[in-house]
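Chemist:
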Amino acid sequence: MAIHPSSMGSLLARFDLAEYQLCRRLNRGVDHKFIRVFFMAASRLGDGVIWYALMLVLPFMYGARGLQVSAVMLASSAIGLGVYKFLKRTFVRERPFIRHQGISLAGAPLDRYSFPSGHTLHAVAFTWQACVAFPELAVALVPLALAIAASRVVLGLHYPTDVLVGALLGAALGLSGGIAGAALS
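Numbering of the sequence shown is given in this note's numbering, commencing with residue 87 and proceeding in unit increments.
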């Protein structure tokens, strides 16, 4: 059941206005081709491509432990998808490029609403789970997760609080998945 936009409207409108200046400042980066291409690539990887590839590769790199971590990541993916879709339907927060003319859209949105960032949720959860099990992966996965999270604001798709809440949800999911994965070993 969705919360009517007008009931959440005043609260979210205050967040929108408070975040607009930061969004606009970060979104100006898309005026530079290198920055735009970099963040578009990071966002595209965050669509799932890199995470599915990682889930396929971990068993080959780490054997049975890699398979366990991949299974936990796959389960986390399903839970995370359910959580963020529920929250998007509940809060129906319009994306920054829709609400503010000063925000340029530089990447295709997967859906209409912005809260929370599913890309960030999954990037943090998967990075957490993979790095807890295999710390040597942090050198590649942590910068990737940060780039994916930043891309969502830079490309005009999310507000910083969308990304922050996505990261917090991802950390909770990553932690719970890490606990489940430890119990399996």
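Glycine included, C-beta positions come from ideal geometry on N, C-alpha and C. Since we're looking at a predicted model, the values are computed, not measured.
Of the residues 150, 241, 107, 154, which one's Cα is nearest the Cα of residue 196?
Modeler: Of 150, 241, 107, 154, the residue nearest in Cα terms is 241.
Chemist: To test your reading of the DSSP string, which unbroken alpha helix (DSSP H) runs of 4 or more residues are found completely within the stretch 106 to 173?
Modeler: 119 to 130, all fully within the stretch 106 to 173.
Chemist: Using 8 Å as the Cβ pair cut-off and three pairs as the minimum, do the stretch 189 to 205 and the stretch 238 to 257 touch?
Modeler: Yes, the stretch 189 to 205 touches the stretch 238 to 257.
Chemist: State the start and end residues of the unbroken alpha helix (DSSP H) segment that holds residue 183.
Modeler: Looking at the DSSP string, the run of the alpha helix (DSSP H) that includes residue 183 is 182 to 185.
Chemist: Looking at C-beta atoms only, is the number of pairs between the stretch 135 to 155 and the stretch 214 to 230 that lie closer than 8 Å three or more?
Modeler: Judged by Cβ distances under 8 Å, the stretch 135 to 155 makes contact with the stretch 214 to 230, as three or more pairs qualify.
Chemist: Assuming the contact rule is C-beta atoms closer than 8 Å, residue 129 and residue 238 should be a hit. Round their C-beta distance to whole Å, please.
Modeler: Right, their Cβ atoms sit about 7 Å apart.
Chemist: To the nearest angstrom, report how far apart residue 173 and residue 179 are at their CA atoms.
Modeler: Distance between the alpha carbons of residue 173 and residue 179 is about 10 Å.
Chemist: Identify every residue that forms a DSSP beta bridge with residue 199.
Modeler: Looking at the DSSP assignment, residue 199 forms a beta bridge with 180.
Chemist: Ordered along the chain, which non-local residues of its own chain (more than five positions away) have a Cβ less than 6 Å from that of residue 275?
Modeler: Residue 275 lies beyond the residue range present for the chain, which begins at 87 and ends at 271; the question has no answer from this structure.
Chemist: Evaluate residue 96 with the Cβ neighbour count: other Cβ atoms within 10 Å of its Cβ, from every protein chain shown; 16 or more gives buried, anything less gives exposed.
Modeler: With fewer than 16 other Cβ atoms within 10 Å, it is exposed.
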